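Chains as they are written, first to last, in the numbering used here: chain A, 9 to 147; chain B, 127 to 387.
For glycine and all other residues, C-beta sits at the position ideal for the given N, C-alpha and C.
None of these values were measured; they are calculated from a predicted model.
Notes to accompany the following structure.
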């Protein structure tokens with residue numbers, strides 16, 4: 009069905025072939041280029057650099073990380089691709105102009121504990137969920 | 127930066143503007159559940175027993191794998207570290223596993239009050255529990271006071287240490303007290319004494335107007351009232367690392383909804 013739609017689109021825009029959107033081929037979705045594959049990158053949030061060491065006792069900061077990269081076909085190269093990502097890819101292939109590719113996003117988040125003083129010099133040790141990206145994947 | 131400390135090609139690298147940095151700080155504070163950046167008064171608090179106890183707890187949950195923590199520990203410890211038993215106990219780690227939040231409270235009483243002849247050796251302790259985030263319920267709470275080994279005239283004695291909750295204060299007579307716990311100890315015993323004040327803390331969190339503090343007294347086995355210092359109990363005049371404090375373990379009892387800013 010994608011091929012039929014593609015032919016249809018080509019016919020409709022035959023007057024301006026140079027402006028026609030380039031329909032992605034299978035080669036475009038090949039994830040062999042690992043540089044652009046969805047993966048985790050390090051991003052350190054430093055409480056020290058924020059100038060907060062007068063009230064945050066520990067930690068000095070935390071490796072929050074972020075996810076970046078392309079979710080390209082075949083998705084199974086991205087170990088954490090969800091079923092939704094497969095559907096999203098199919099719909100994107102059918103309508104690349106309007107439907108984006110699956111999104112590279114966190115699939116596993118970890119908690120951190122922060123130890124800090126409050127205004128009354130009491131000390132709080134609190135666990136914060138979903139603060140650190142442990143794994144990325146396609147959604 | 128990526129794992130190899132190289133700036134990732136797709137990442138736009140620039141320094142944040144002042145207002146962007148301020149907004150980012152606000153966002154992080156919001157995630158931490160704080161309305162503003164705390165401004166603690168740390169004249170002595172930094173080296174106090176409560177932060178050291180909390181660092182012990184933090185270490186036990188972080189597994190000691192934080193290399194930067196040792197420096198912080200050194201920073202927060204007093205210059206002369208006395209040999210003392212570990213602050214956090216096995217019981218604390220049990221509470222810790224179930225807790226979403228642990229909070230230590232410093233004693234707010236700075237000057238001893240004049241009590242009647244009958245209670246002249248009573249000491250009072252007050253803690254501010256007014257800033258507990260909504261939805262946090264106390265699962266366990268302890269009052270902790272350090273006892274040194276006694277080597278004076280009382281060295282072969284046993285002492286009875288009693289902890290009371292102040293129920294009501296009166297202008298013309300002594301306050302009404304409720305006995306929370308009493309414990310018999312040898313003079314030679316040394317270490318942190320823990321008194322369970324869970325029910326009292328719950329009451330104080332739910333109705334702060336009932337938070338009139340604790341009173342503590344010590345008697346000999348013969349029933350004679352005595353100074354806390356003579357029984358080896360460390361008060362305000364003792365080392366910072368042995369100051370009495372209170373610790374409470376909390377669990378979230380409600381779904382926490384972040385408000386729209």
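Under a three-way DSSP split, which group does residue i fall into?
{"i": "residue 147 of chain A", "result": "coil"}
{"i": "residue 85 of chain A", "result": "helix"}
{"i": "residue 95 of chain A", "result": "helix"}
{"i": "residue 307 of chain B", "result": "strand"}
{"i": "residue 360 of chain B", "result": "coil"}
{"i": "residue 244 of chain B", "result": "helix"}
{"i": "residue 176 of chain B", "result": "helix"}
{"i": "residue 323 of chain B", "result": "coil"}
{"i": "residue 283 of chain B", "result": "coil"}
{"i": "residue 328 of chain B", "result": "helix"}
{"i": "residue 162 of chain B", "result": "coil"}
{"i": "residue 64 of chain A", "result": "strand"}
{"i": "residue 335 of chain B", "result": "helix"}
{"i": "residue 155 of chain B", "result": "helix"}
{"i": "residue 185 of chain B", "result": "helix"}
{"i": "residue 138 of chain A", "result": "strand"}
{"i": "residue 223 of chain B", "result": "helix"}
Does the Cβ of residue i have 16 or more other Cβ atoms within 10 Å, making it buried, or fewer, making it exposed?
{"i": "residue 335 of chain B", "result": "exposed"}
{"i": "residue 144 of chain B", "result": "exposed"}
{"i": "residue 29 of chain A", "result": "The predicted position of residue 29 of chain A is uncertain, since its pLDDT is 43 and thus under 50; no value can be drawn from it."}
{"i": "residue 59 of chain A", "result": "exposed"}
{"i": "residue 66 of chain A", "result": "buried"}
{"i": "residue 46 of chain A", "result": "buried"}
{"i": "residue 278 of chain B", "result": "exposed"}
{"i": "residue 180 of chain B", "result": "buried"}
{"i": "residue 238 of chain B", "result": "exposed"}
{"i": "residue 319 of chain B", "result": "buried"}
{"i": "residue 145 of chain A", "result": "buried"}
{"i": "residue 298 of chain B", "result": "exposed"}
{"i": "residue 247 of chain B", "result": "buried"}
In angstroms, rounded to a whole number, what distance separates the CA positions of residue i and residue j?
{"i": "residue 368 of chain B", "j": "residue 249 of chain B", "result": "16 Å"}
{"i": "residue 133 of chain A", "j": "residue 69 of chain A", "result": "15 Å"}
{"i": "residue 104 of chain A", "j": "residue 83 of chain A", "result": "16 Å"}
{"i": "residue 225 of chain B", "j": "residue 123 of chain A", "result": "14 Å"}
{"i": "residue 81 of chain A", "j": "residue 75 of chain A", "result": "18 Å"}
{"i": "residue 223 of chain B", "j": "residue 177 of chain B", "result": "19 Å"}
{"i": "residue 140 of chain B", "j": "residue 147 of chain B", "result": "12 Å"}
{"i": "residue 127 of chain A", "j": "residue 161 of chain B", "result": "11 Å"}
{"i": "residue 340 of chain B", "j": "residue 252 of chain B", "result": "6 Å"}
{"i": "residue 186 of chain B", "j": "residue 109 of chain A", "result": "43 Å"}
{"i": "residue 242 of chain B", "j": "residue 350 of chain B", "result": "15 Å"}
{"i": "residue 141 of chain A", "j": "residue 152 of chain B", "result": "21 Å"}
{"i": "residue 163 of chain B", "j": "residue 97 of chain A", "result": "44 Å"}
{"i": "residue 348 of chain B", "j": "residue 355 of chain B", "result": "18 Å"}
{"i": "residue 326 of chain B", "j": "residue 261 of chain B", "result": "18 Å"}
{"i": "residue 332 of chain B", "j": "residue 44 of chain A", "result": "54 Å"}
{"i": "residue 296 of chain B", "j": "residue 365 of chain B", "result": "33 Å"}
Please name the residue in the options whose C-alpha comes closest to that of residue i.
{"i": "residue 304 of chain B", "options": "B:235, B:294, B:313, B:298", "result": "B:294"}
{"i": "residue 49 of chain A", "options": "A:63, A:77, A:57", "result": "A:77"}
{"i": "residue 292 of chain B", "options": "B:286, B:301, B:285", "result": "B:301"}
{"i": "residue 138 of chain A", "options": "A:146, A:145, A:127, A:119", "result": "A:119"}
{"i": "residue 112 of chain A", "options": "A:147, A:61, A:53", "result": "A:147"}
{"i": "residue 221 of chain B", "options": "B:267, B:333, B:281", "result": "B:267"}
{"i": "residue 54 of chain A", "options": "A:144, A:64, A:46", "result": "A:64"}
{"i": "residue 315 of chain B", "options": "B:373, B:358, B:261", "result": "B:358"}
{"i": "residue 255 of chain B", "options": "B:307, B:324, B:360", "result": "B:324"}
{"i": "residue 345 of chain B", "options": "B:321, B:298, B:322, B:289", "result": "B:289"}
{"i": "residue 321 of chain B", "options": "B:308, B:330, B:332", "result": "B:308"}
{"i": "residue 283 of chain B", "options": "B:165, B:247, B:352", "result": "B:352"}
So, residue i versus residue j, is the Cβ gap smaller than 9 Å?
{"i": "residue 227 of chain B", "j": "residue 131 of chain A", "result": "no"}
{"i": "residue 265 of chain B", "j": "residue 375 of chain B", "result": "yes"}
{"i": "residue 51 of chain A", "j": "residue 85 of chain A", "result": "no"}
{"i": "residue 343 of chain B", "j": "residue 245 of chain B", "result": "yes"}
{"i": "residue 280 of chain B", "j": "residue 310 of chain B", "result": "no"}
{"i": "residue 106 of chain A", "j": "residue 143 of chain A", "result": "no"}
{"i": "residue 235 of chain B", "j": "residue 174 of chain B", "result": "no"}
{"i": "residue 287 of chain B", "j": "residue 136 of chain A", "result": "no"}
{"i": "residue 373 of chain B", "j": "residue 272 of chain B", "result": "no"}
{"i": "residue 337 of chain B", "j": "residue 263 of chain B", "result": "no"}
{"i": "residue 183 of chain B", "j": "residue 129 of chain A", "result": "no"}
{"i": "residue 188 of chain B", "j": "residue 121 of chain A", "result": "yes"}
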